[in-house]
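Heads up: the structure comes next, in structure tokens.
Residue numbers (this note's numbering): 9 to 226.
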């Protein structure tokens, strides 16, 4: 019992430290930019005419972030928040696919050979937070930090354009194909953000059972 208490406290401290580190790494997305860019250099339209303004809601900013934000004028505020939305949407899409995939498949081999921990031993969902060792969380934090530092938004381009292309395909700026693709990405990202939060909430409501709703279709 004594050793179990020590292990629980240690894991709690580890998870707290990792959470703080990840929050600090991600806070750059919300920090005001040290370089002011004029709205003409951003080459953006009025927010009401930008991609992502989709029926039936249309342009939705009830709290006035675009008007009252700290990043400059209305267009510059929109540009920043759209970049944050696209980034979080991409992360949420990856997380959603990861949850669905890990429910049925696992990598072969060991996650932590020294501890005899295989990938198959790592549960799906929030329970993985207490199973992945500290070294694994540190590696993930380093990769996220390197991405934030090394891969930058291209100036004067649409939010989320890091110059890496679209899975190897180049699309002409403002072409109908590009605009449709950007609209699809934003819509899917919004759905994925709701989806991954819904999965986490479901896991908590069902006492740790992941994707309990899928049993309705089995």
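Note that beta-carbon positions come from the ideal geometry of N, C-alpha and C, so glycine has one too.
In the three-state reduction of the DSSP assignment, residue 71 falls in the coil class, being assigned neither a helical nor a strand state. For residue 167 against residue 94, the beta-carbon gap comes to about 5 Å, under 8 Å, which counts as contact. Nearest Cα to residue 198 within the set 57, 216, 102 and 75: 102. In the displayed model, residue 219 falls within coil according to three-state DSSP, outside both helix and strand.
Three or more Cβ pairs closer than 8 Å define a contact, and the stretch 55-74 falls short of that threshold against the stretch 147-165. Put simply, the backbone Cα of residue 194 is about 10 Å away from that of residue 188. The beta-carbon distance between residue 220 and residue 210, rounded to whole angstroms, is 6 Å. This is short enough to meet the 8 Å contact definition.
The beta-bridge partner set that DSSP reports for residue 161 is empty. Within the same chain, Cβ atoms closer than 6 Å to the Cβ of residue 125 are found at 119, the five residues on either side in sequence being excluded.
Residue 133 is positioned such that its CB atom lies closer than 9 Å to that of residue 207. The bridge partners DSSP lists for residue 66 are 62. In the DSSP assignment, residue 100 falls outside any beta strand (DSSP E) and lies within the alpha helix (DSSP H) extending over 82-110. With 16 or more other Cβ atoms inside 10 Å of its own Cβ, residue 83 counts as buried. Of the candidates 182, 183 and 159, the residue whose Cα lies closest to the Cα of residue 172 is 159. Within its own chain, the residues whose Cβ lies closer than 8 Å to the Cβ of residue 204, once the five positions on either side in sequence are excluded, are 100, 103, 104 and 107, listed in chain order.
Residues of the same chain with a CB within less than 8 Å of the CB of residue 67, apart from the 5 flanking positions on each side, are 55, 56 and 61 in chain order. Residue 130 and residue 138 have their C-alpha atoms spaced approximately 9 Å apart.
If you look at residue 205, you'll find it in the alpha helix (DSSP H) that goes 184-213.
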